[in-house]
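A short worksheet on the structure shown next.
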Ligand SMILES: [Fe+2]
Ligand SMILES: [Fe+2]
C-alpha cells in the first residue's frame, strides 16, 4: 500500500512537469526553444504514462488535481509560483527538476527489492537530469546575453 501512495505521488510530480511545460510552450516564439520544450513534453508524457500504467495494473484510480498546475507547484515546491512568467521559466524548471531528481533518488532506494521497477525509475530520473542540465545551461546563457547588451 505504501508503494501505491508513492506511485500516486510520482504520477502527480510527472503531471506537474507535463502540464507546466505544455503551458509554457504556448508562449514560446523561438523555434529552437519550442523544439526543446516539445522534446521535454514527450519525455514527461512518457513518465506520466509509466505511473498511469502501474496504477492501473494495481487497480488504482488515477489521482486528479483539483487546484490545477498551480496547486501542484505548491505541493512539490512548497510555494506558489507564476508558471507562465518568462522570467521564472528556467529557474522554476530547474527547481522542479531538482526536486524530481531528489525524490527519484529516495524512491530508487526504497524500491531496492523491486528489480521490476528499478530500470524504469532510473530511466525517468536520468531524463530529469538531462532536463536540469539544459535549464542550468540556458540560465547561464540568458545571463551572458543580458550582460553583453
Ligand atoms: Fe519527468
Ligand atoms: Fe523533467
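In our numbering, the protein residues as written are 470 to 618.
We treat Cβ as the ideally placed atom computed from N, Cα and C, and that holds for glycine.
With burial defined as no fewer than 16 other Cβ atoms inside 10 Å of the residue's Cβ, what is the status of residue 500: buried or exposed? Start at 1 with the first residue of the chain shown, and residue 500 comes out as number 31. Result: exposed.
Roughly how many angstroms separate the alpha carbons of residue 617 and residue 530, rounded to a whole number? Residue 617 sits at position 148 when you count from the first residue of the chain shown. Residue 530 sits at position 61 when you count from the first residue of the chain shown. Annotation note: pLDDT 43 at residue 617 (below 50); position unreliable, coordinate value reported separately. C-alpha of residue 617 to C-alpha of residue 530: approximately 52 Å in a straight line.
Compute the Euclidean distance between the alpha carbons of residue 533 and residue 607, then round it to the nearest angstrom. For this step, residue 533 is matched to residue 64 along the chain shown. For this step, residue 607 is matched to residue 138 along the chain shown. Between the alpha carbons of residue 533 and residue 607 lies a gap of roughly 32 Å.
Using CA coordinates, which residue listed in 537, 544, 587, 561 is at the minimum distance from residue 600? Counting from 1 along the chain shown, the entry for residue 600 is found at position 131. Comparing alpha carbon positions, the residue from 537, 544, 587, 561 closest to residue 600 is 561.
Boundaries of the alpha helix (DSSP H) in which residue 567 is found, first to last residue: Residue 567 sits at position 98 when you count from the first residue of the chain shown. 558-579 is the span of the alpha helix (DSSP H), which, as asked, contains residue 567.
Ligand 2 heavy atom lying under 6 Å from the CB of residue 486: Position 17 of the chain shown, counting from 1, holds the residue named residue 486. Yes, since a heavy atom of ligand 2 falls inside the 6 Å radius drawn around the Cβ of residue 486.
Alpha carbon to alpha carbon, how far is residue 482 from residue 563? Numbered from its first residue, the chain shown carries residue 482 at position 13. Numbered from its first residue, the chain shown carries residue 563 at position 94. Each residue's alpha carbon lies about 14 Å from the other.
On the premise that residue 565 lies in contact with residue 486, defined as a C-beta separation below 8 Å, what is that separation, rounded to the nearest angstrom? To locate residue 486, count along the chain shown from 1; it is residue 17. To locate residue 565, count along the chain shown from 1; it is residue 96. Separation of the CB atoms of residue 486 and residue 565 is rounded to 6 Å, and the pair is thereby assigned contact status at 8 Å.
If residue 597 and residue 577 are in contact, beta carbons under 8 Å, what's the gap, nearest whole angstrom? Taking the first residue of the chain shown as position 1, residue 597 is located at position 128. Taking the first residue of the chain shown as position 1, residue 577 is located at position 108. That belief does not hold up - the Cβ atoms of residue 597 and residue 577 are roughly 12 Å apart, past 8 Å.
Nonlocal neighbours in the same chain, by C-beta distance under 6 Å from residue 477, ignoring five residues either side: Working through the chain shown from its first residue, we reach residue 477 at position 8. 532, listed in sequence order.
Just to confirm the assignment, what range does the alpha helix (DSSP H) spanning residue 475 have? For the purposes of this step, residue 475 is taken as residue 6 along the chain shown, with counting starting at 1. 471-494 is the span of the alpha helix (DSSP H), which, as asked, contains residue 475.
Start and end residues, alpha helix (DSSP H) containing residue 515: On the chain shown, position 46 is the one that residue 515 refers to. Taken as a continuous stretch (DSSP letters only), the alpha helix (DSSP H) holding residue 515 covers 500-526.
Less than 6 Å between the CB of residue 526 and some heavy atom of ligand 2, yes or no? Taking the first residue of the chain shown as 1, we reach residue 526 at position 57. Not under cutoff, so the answer is no.
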